[in-house]
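Taking it in order: structure first as structure tokens, then the write-up.
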Amino acid sequence: MSSKRAKGKTTKKRPQRATSNVFAMFDQSQIQEFKEAFNMIDQNRDGFIDKEDLHDMLASLGKNPSDEYLEGMMSEAPGPINFTMFLTMFGERLNGTDPEDVIRNAFACFDEEGSDEEVDELFREAPIDKKGNFNYAEFTRILKHGAKDKDDE
């Protein structure tokens, strides 16, 4: 055995599994909410979310997703989507987002006097697309750089 060490052979560490600490990322009530959501999506109750489950869930919401769309959604997972993988995927998506109180405090900075006037003005400029959706990317640009003047367009 010492001869193997002398040749420089090292033992490889197993890569840490992505799911090893996923349950620590959420409190118990959040995990329960994710479990309920998972169970709603897992239409055939086999413990895994597959393309058919996604299709059925979206169809129940009045959507008619294409196979390409469903394949795109499924390709985001590195393997079969059981509950632990589902939780891991949400954890990765939510990682790096600010807690609610931080976001609330950031918005409070826009209206330091509490008059709502500055906030009202800010939301009057809020970008809404032709479908009536809020354009958060454009809103972020406005927050950072100010609204475009009508002359700039």
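Position 100 of the sequence shown, counting from 1, maps to 1439 under this note's numbering, and the rest follow consecutively.
A virtual CB, placed ideally from N, CA and C, is assigned to each residue, including glycine.
Remember, predicted model here, so these are calculated numbers, not experimental data.
One Cα belongs to C1448, the other to F1429, and the distance between them is close to 29 Å. Runs of alpha helix (DSSP H) with 4 or more residues, each lying fully within the stretch 1390-1478, are found at 1390-1399, 1406-1413, 1422-1433, 1439-1447, 1456-1463, listed in chain order. When rounded, the separation of the alpha-carbon atoms in E1457 and L1433 is 29 Å. Around the beta carbon of L1400, fewer than 16 other beta carbons lie within 10 angstroms, which makes this residue exposed.
Taking every protein chain shown into account, the CB of V1361 has 16 or more other CB atoms within 10 angstroms, so this residue is buried. Excluding residues up to 5 positions away in sequence, nothing lies with its Cβ nearer than 6 Å to the Cβ of R1463 in the same chain.
Each of E1452, L1426, M1413, S1405 was checked against the Cα of D1366, and the nearest Cα belongs to L1426. M1379 has its alpha-carbon roughly 12 Å from the corresponding atom of D1385. Taking 8 Å as the cut-off, the beta carbon of M1412 is found no closer than this to the beta carbon of G1418.
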